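Protein chains in written order, with our numbering: chain A, 72 to 493; chain B, 6 to 337.
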């Protein structure tokens, strides 16, 4: 911007314009707010120059109100503070800092909008150098606008505490027989590689497999923010390719179901011992010294909810019981969480498929080298990158963007837009 | 195809195991064998070998993906071990625990070796339940005698589940093999080192009780004694009968005419009384804890305990619903 500032000292066409520009830069907002209070909510000037924005007019309204309140608090804090109680001061400080998280990027955004207006003026100037400079600057400012908008959106969205914790990932073979099991193995490989990239820890809770063919596998993924990333993987993944077992080269379609549950590590899920029924393999006969059995399978059923979990991964019944309890806790937590979520909002975000396991979320077409996510209608032509985990991030990023937008759009009840909790 | 290639696939192994164990358990056991062979016979050399072989022939070294895929395959040495293991399991009925050489038990990890009795899950269950009880009582140091200790599972299971300085356990067994194995297990589970000792001792000998008593005050006797009757022994699976020590299974008292399998339980009740456990103040903890074979032995065991001064007895069932443990208390 420095080059342009130097140029700005050149006399512009009319003094009037100078006044108008400076007016917009400094006090335009409060003036505008006063005049448009009764009419349709309007976007800040210059925002139309930024192209399609994710922030609707309603949200801008609310943000303006928040900015006004924030300024009021600032005035209070810098004004006469002698008469205030200590706790009032603390409260004001807390409100100011939490509102600041939204208002500061918003004010920055407004500044960027006004810079855009100036640059528009530049673009229609006579000097070609000036025009070129303006074009470059405009590019940079547009990028900054996108960043600022994302900051605001992030600060506005309600935080789901489950998203920052680990997750339990279940992959099950669907229709397609052996080919579905092989595809399960491929999906597992994809997630393993992706977890390696993200430096997450994977632990197999239970696995039902024969070599590369996996009928069902349950993994525990530990790391920060794991659930927030993997939650979009829930649903039915469909593959269209020539199976390894195929002799005639025909393309087959098979499916695998993935379910992702938040890992209820620190959440207080109260499970009463009396509500559990624990079944173990019963030797037909006397047991004890009479029999040497290696079957230590455990099935735990939570009677009130009917959720039942089985585990025969380890050689010790105690270890199997512990693993089954972990998965049971996760399932109960997910149940509880989705119930609360449903109560909190009328319409669930349709990107996170849970419950309804028949939702097709993604298709992997090997012949066309294409991966398509049906929820956002996004296609990518890189099967190999996808299946070795490197390209998965791209799809997840797109899903995350769409998810945030949906959340924002569904905040019809504007009491939802409140300063974020820290 | 060359026969050697066909030999090294999982499918024939799985088929053999399925004939003996059924499909689900065959998969589990093969998985455990595979996990074991990967740890016991490491193949790091193969990766280096492959790299140097390629470079020697002026070929590019194997890529990271190739080495990863190759590391998941078994080497020929590992395949040979797997084939032998499955053969032993199916043809000679060798127990899986003897093949793998280990068995987890509570918080401890135990070595297993023929003919010492393999720890059962029922024993693990009551040992952990007893340790919960002891922990809750939080008394001072308890002096515990673990009779017929075998691999040392009861002693080590208790010691690993309880905080230090809360128990001192002496495990005894008539078999030299068992004592040797128990000592190896003690070295393997360092957590129990201060709390446990093992000794070869024949509890049927004269003067054993006074010898033990001279060592100090005892608080509890626990045991998984032999309780299989001679008739039942004839009907046992070859997994057990051909491989595990008969002395650990059948109480060998020639006077035991009634074939109840309880003779050793009776002897333990007598021993407990001789050690003074039926005297003194009453506590919340049991004095005598003995595993039994089922409902047919409950009355006999309780009677033996009552006869020796343990006026309150309790019975625990295991998770399969069978009467598994009889506990004797001394209440005043």
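Each residue gets a CB set at the ideal place from its N, CA and C atoms; glycine is no exception. For clarity, every value in this text was computed on a predicted model and none was experimentally measured.
Using the C-alpha atoms, what's the distance from residue 307(B) back to residue 426(A)? Only weak support exists for where residue 426(A) lies, its pLDDT of 42 falling under 50; the value from the coordinates is given anyway. Those two C-alpha atoms are separated by around 53 Å.
Who are the Cβ neighbours of residue 234(A) in its own chain at under 6 Å, not counting the five residues just before and after it? 298 and 299
Going by DSSP, what residue range makes up the alpha helix (DSSP H) through residue 86(B)? 81 to 96
Alpha carbon to alpha carbon, how far is residue 327(A) from residue 295(A)? Give it in angstroms, no decimals. Each residue's Cα considered, the two are about 26 Å apart.
Using Cβ-Cβ distances below 9 Å, what residues of the stretch 319 to 332 of chain B are close to chain D? The chain labelled as chain D is not found among the protein chains of the depicted structure, namely A and B.
Taking only three categories from DSSP, how would you classify residue 327(B)? In the structure shown, the three-state DSSP call for residue 327(B) is coil.
Contacting residues, own chain, Cβ-Cβ under 6 Å from residue 189(B) (five flanking each side not counted): 116
Kindly provide the ranges of any alpha helix (DSSP H) runs that are 4 or more residues long and lie completely inside the stretch 119 to 184 of chain B, ordered along the chain. 126 to 142 and 158 to 166
Given a threshold of 16 other Cβ atoms within 10 Å of its Cβ, counted over all protein chains shown, does residue 248(A) qualify as buried or as exposed? With fewer than 16 other Cβ atoms within 10 Å, it is exposed.
Evaluate residue 434(A) with the Cβ neighbour count: other Cβ atoms within 10 Å of its Cβ, from every protein chain shown; 16 or more gives buried, anything less gives exposed. buried
Quick check: is the beta carbon of residue 394(A) nearer than 9 Å to any beta carbon in chain B? Using a Cβ-Cβ cut-off of 9 Å, residue 394(A) does not count as an interface residue toward chain B, since no Cβ of chain B sits closer than that to its own.
Residue from 56(B), 216(B), 161(B) and 83(B) with nearest C-alpha to residue 198(B): 161(B)
Determine whether the Cβ of residue 126(B) lies closer than 9 Å to any Cβ atom of chain A. yes
Simplified DSSP state of residue 278(B), which is helix, strand or coil: helix
Taking Cβ-Cβ distances shorter than 9 Å, what residues in chain A pair up with residue 254(B)? 360 and 361
Using 8 Å as the Cβ pair cut-off and three pairs as the minimum, do the stretch 244 to 263 of chain A and the stretch 308 to 317 of chain A touch? yes
Please report the straight-line C-alpha distance between residue 318(B) and residue 310(B), rounded to a whole angstrom. 8 Å
In the DSSP assignment, what are the bridge partners of residue 398(A)? According to DSSP, residue 398(A) bridges with nothing at all.
What residues of chain B sit near residue 351(A), judged by a beta carbon separation below 7 Å? Those are 324 and 325, listed as they occur along chain B.
If you draw a straight line from the C-alpha of residue 466(A) to the C-alpha of residue 128(A), how long is it? 29 Å
Alpha-carbon to alpha-carbon, residue 43(B) and residue 157(B): 27 Å
Suppose only complete runs of 3+ residues qualify. What are the beta strand (DSSP E) ranges in the stretch 358 to 400 of chain A, listed by chain order? 369 to 373 and 378 to 382
Quickly, what does DSSP pair residue 431(A) with across the bridge? List them, please. 307(A)
Going by beta-carbon coordinates alone, are residue 333(B) and residue 295(B) separated by less than 9 Å? yes
Would you mind sorting residue 5(B) into buried or exposed? The rule is 16 or more other CB atoms within 10 Å of its CB. Since the first residue shown for chain B is 6 and the last is 337, residue 5(B) is missing from the structure and cannot be characterised.
If we count the other Cβ atoms within 10 Å of its Cβ and call it buried at 16 or more, is residue 60(B) buried or exposed? exposed
DSSP three-state label for residue 252(A), please. helix
Can you check whether the C-beta of residue 388(A) is within less than 9 Å of a C-beta belonging to chain B? yes
In the DSSP assignment, find the unbroken alpha helix (DSSP H) run with residue 157(A) in it and report its ends. 157 to 194
Measuring alpha carbon to alpha carbon, tell me which of 298(B), 290(B) and 202(B) ends up nearest residue 336(B). 290(B)
Determine the closest residue to residue 177(B) out of 23(B), 238(B), 193(B) and 217(B), with distance taken between C-alpha atoms. 217(B)
Uninterrupted alpha helix (DSSP H) stretches inside the stretch 238 to 284 of chain A (no shorter than 4 residues): 248 to 269
Hey, is residue 245(B)'s beta-carbon within less than 9 Å of any beta-carbon in chain A? Yes, contact with chain A.
Helix, strand or coil: which one does DSSP assign to residue 136(A)? helix
Only counting the same chain, and skipping five residues up and downstream in sequence, which positions put a Cβ closer than 8 Å to that of residue 456(A)? The answer, listed in chain order, is 462.
Coarse secondary structure for residue 352(A), derived from DSSP in three states: coil
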